[in-house]
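Q: Got a structure for you, questions after.
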Amino acid sequence: TPGKAGTILYAMGWTQHTVGTQNIRAMSIIQLLLGNMGIAGGGVNALRGESNVQGSTDQALLFHLLPGYLKAPLASDTTLEIYNKKYTPKTADPKSANWWGNYPKYSVSLLKALYGEAAQKENQFCYDYLPKLEDGKNYSWMALFDAMYKGKIKGFFAWGQNPACGGPHANKTNKALEKLDWLVTVNLWETETALFWKRPGVDPTKIKTEVFLLPCAASMEKEGSVTNSGRWAQWRYKAVDPPGEAKPDGDIINELFLKVRELYEKEGGKFPEPIVRLSWKCGPTDEKGQVKHFDPHYVAKEINGYALADVIQDGKVVVKKGELMPSFAFLKDDGTTSSGNWIYCASYTEKGNMMARRDRKDPSGIGLYPGWAWSWPVNRRIIYNRASVDLEGKPWDEKRAVIRWDGSKWVGDVPDGAWPPGTKHPFIMLPEGYARLFALTLADGPFPEHYEPFESPVKNLMSSQQVNPAIYRWDKYGSDMDKYAPMGSKEYPIVATTYRVTEHWQTGAMTRWQPWLVELQPEMFVEMSEELAKEKGIKNGDWCTVISIRGKVKAKAIVTSRFKPFKINGKIVHEVGLPWCFGFSGLAKGDSANNLVPTIGDANTMIQESKAFLVDIRKGVN
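So the numbering used here is basically just the index in the sequence shown, starting at one, shifted up by 139.
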């Protein structure tokens, strides 16, 4: 509709399903058909439970990626040439920008950031030093804890996380931790993960795992950046020193790495080169070249990247040797530039730390605030903004113009490609230059299709295929703890979902130590409809037991009109809701809802299906 814009907001309620990716894909298709991509007030936008989810994925927290959404190499990608050729798309269309055609520039610049002078063309820029994923093997959360449960992983760093409460089938996770030789937890408090060896019902003398707890600094006790869902990288300043022996994560990592490198230098090993030849420029150095302490500004500059030789364009030096790179447009594949993450190139330049900017002016009038912090790529506030104009560069919505062509240049937001109108297709990251309604890259097919949750009380009324056929079942691969309720289970007839609460954050590892928050939300509960409560003889405040095929939790009943029974194909189906913010330590203790959640996940991302699974509920503590 002319003059109208619509956005779709989503969170875990849409992603934590066996069809989570296809849920988001369905929304993307809708927004494309409605013309809501690339415009002000449009798009598909994630509501995150963490302030830096975007930043963590940008910097390759996910197992299948390198920084900047480059692909983690597989074992079959035996050379840098094979790797670059495999992941660099090609097109014969002269109007296609095909920006991923620059892939080798970004991969080589990353290798130069990682290995510095050691990375040369003659040794494939140390490509052999990168760890390779086994072809076809999954290394996501559930896969790692399954491998740990089977004794294949000997040591584990739990950095700022609490997997004993935070992941699906928490009972299996805790059993997996028992199989480790050593566990290092880095956190503000002694979490359930640090204390798993003396959880209720366990004999500590029979657990072999050696546990180390390293106290770390909270966000206000250290300096650095966070990147929000709008891709705004914002610099945060240190307010106070951390208490006692607590240190910023960067300092802990620095000390660990220097000791590990020292051991490899003295004792060698099967393959010491990736460690001893790693470029380690994370802070000021002493007279021996050893990093004295971690400094996030050094790391931010390494992420941005440097000119390692004069960068010449059209016969002119555009970036001098030793200078910070002003844009990824100048990155090279010949080893003369470095960048730890190409999409963050221009975030920290010779002009200073762009992420620390705090200009509150908004000349656009639509909320771009181009001088506040910095957004990737190249401070573009709305990606695919070329879709907001017609083929002549005129905005579809004049009142909310993101960019426009003034006859000689683009004005407004940083354009998604500076070419004049009509010279390049608008979707520059795809080789065809157009958005995709049909996508062949997903494991479960090119179009979204309705499947029931893996544990469902009803038959799929839309298809003869009950559940997503592309999902991975751990019970088929030798895991005795992974059990699932059958469709229409009489033993577990109630649908359960999990959620967060305002008063606690994630597993409560930080908030369950705050007395005021504990007063507001003191104990584990199960929320249910008035109809279900009447059927079960449960009153508000009664203790209940919620049971799945994997475990059980004790919870107080909250009877509410917020939950209502479903009527599906003539059958009444009840639903209950449980928070996953409790555990057995802290000021507020309680069972975690994740004791009930199945280890079954989305066919593409492997995120767990914790928004729909089967349970039963009984009055009293059983």
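Ideal Cβ placement from N, Cα and C applies to all residues, glycine included. For clarity, every value in this text was computed on a predicted model and none was experimentally measured.
Going straight from the alpha carbon of Ile168 to that of Asp583, what length do you get?
A: 16 Å
Q: Along the chain, where does the beta strand (DSSP E) that runs through Trp238 open and close?
A: Segment: none, Trp238 is in no beta strand (DSSP E) and carries neither H nor E.
Q: May I ask which residues mark the beginning and end of the alpha helix (DSSP H) holding Cys683?
A: Per DSSP, Cys683 belongs to no alpha helix (DSSP H); it is in the beta strand (DSSP E), Trp682 to Ile686.
Q: What would DSSP say about Val657, mapped onto helix, strand or coil?
A: helix
Q: The beta strand (DSSP E) that contains Glu714, what's its start and end?
A: Glu714 to Pro718
Q: Going by beta carbon distance, what residues of the same chain come within less than 7 Å of Lys132, once the five residues before and after it are set aside?
A: Residue 132 lies beyond the residue range present for the chain, which begins at 140 and ends at 761; the question has no answer from this structure.
Q: Return the chain-ordered list of same chain residues with a C-beta closer than 6 Å to the C-beta of Thr154, the five sequence neighbours on each side being excluded.
A: Around Thr154: Ile746.
Q: So, with DSSP's three-state summary, where would you put Gln198?
A: coil
Q: So, for Lys289: in the same chain, excluding its five sequence neighbours on each side, which residues have a beta-carbon less than 8 Å away from its beta-carbon?
A: Lys318, Gly617 and Ser618
Q: How many whole angstroms separate the CB atoms of Tyr268 and Glu412, which I take to be in contact at a CB cut-off of 8 Å?
A: Tyr268 to Glu412, Cβ: 6 Å. Contact.
Q: Would you check if the segment 194-210 and the segment 361-372 touch, i.e. whether three or more CB-CB distances between them fall below 8 Å?
A: Short answer: they touch.
Q: Check each candidate in Asn743, Pro381 and Gly306 and name the one with the smallest Cα separation from Tyr611.
A: Nearest option by C-alpha distance: Asn743.
Q: How close, in whole Å, do the beta carbons of Arg525 and Val553 come, if the pair is a contact with beta carbons under 8 Å?
A: No, Arg525 and Val553 are not in contact; Cβ-Cβ is about 11 Å, not under 8 Å.
Q: Rounded to whole angstroms, what is the Cα-Cα separation between Thr488 and Phe577?
A: 39 Å
Q: Does the segment 595-613 come into contact with the segment 248-268, if we say contact requires no fewer than three beta-carbon pairs (one atom in each stretch) closer than 8 Å?
A: no
Q: Looking at Trp298 and the ligand FMN, is the gap between the Cβ and the nearest heavy atom below 8 Å?
A: In the structure on display, the ligand FMN does not appear, and there are no ligands present to speak of.
Q: Does the separation of the CB atoms of Gly546 and Leu507 fall below 9 Å?
A: Not closer than 9 Å, so no.
Q: By how many angstroms is the C-alpha of Gly716 removed from the C-alpha of Thr637?
A: 6 Å
Q: Rounded to the nearest angstrom, how far is the Cβ of Trp535 from that of Ile542, given a contact under 8 Å?
A: About 11 Å; that fails the 8 Å criterion.
Q: Taking Cβ positions, are Val430 and Lys440 nearer each other than 9 Å?
A: No; because the gap between Cβ atoms is not below 9 Å, this pair is not in contact.
Q: Can you check which of these residues, Arg539, Leu753, Ser190 and Tyr590, is closest to Ser628 by C-alpha distance?
A: Leu753
Q: Are the CB atoms of Lys229 and Asn237 within a distance shorter than 9 Å?
A: yes
Q: Comparing alpha-carbon positions, which option in Ser246, Lys276 and Asn175 lies nearest Thr218?
A: Ser246
Q: Which residue or residues does DSSP assign as beta-bridge partners of Phe296?
A: Val323
Q: Among Thr580, Pro516, Trp513 and Trp544, which residue has its Cα nearest to the Cα of Ser527?
A: Trp544
Q: Out of Lys563, Leu581 and Arg639, which has the shortest C-alpha to C-alpha gap to Glu531?
A: Nearest to Glu531 by alpha-carbon distance, out of Lys563, Leu581 and Arg639, is Lys563.
Q: Threshold first: 3 residues or longer. Then list the beta strand (DSSP E) segments lying entirely within the segment 326-408, N to C.
A: 349-354, 363-366 and 371-375
Q: What residues in its chain sit with their C-beta under 6 Å from that of Val158, if we drop five residues either side in the sequence?
A: The residues are Tyr590 and Asn607.
Q: If you pair each beta-carbon of the segment 379-393 with each one of the segment 351-362, do three or more pairs fall below 8 Å?
A: yes
Q: Leaving aside the five residues before and after Glu670 along the sequence, list all residues of the same chain whose C-beta is less than 6 Å from its C-beta, in chain order.
A: Pro704
Q: Rounded to the nearest angstrom, what separates Asn277 and Trp613 at their Cα positions?
A: 12 Å
Q: Does the count of Cβ pairs from the segment 454-474 and the segment 484-498 closer than 8 Å reach three?
A: yes
Q: Counting along the chain, where does the alpha helix (DSSP H) carrying Ser466 start and finish?
A: Careful: Ser466 lies outside any alpha helix (DSSP H) and carries neither H nor E.
Q: Note down, in chain order, each residue of its chain lying with its Cβ closer than 6 Å to the Cβ of Ile442, except the 5 sequence neighbours on either side.
A: Its chain contains Gly479, Asn480 and Tyr483 as the residues whose beta carbon lies nearer than 6 Å to that of Ile442, once the 5 sequence neighbours on both sides are disregarded; these appear in chain order.
Q: Quick one: complete alpha helix (DSSP H) runs, 4+ long, within the segment 444-515?
A: Qualifying alpha helix (DSSP H) stretches: none in this window.
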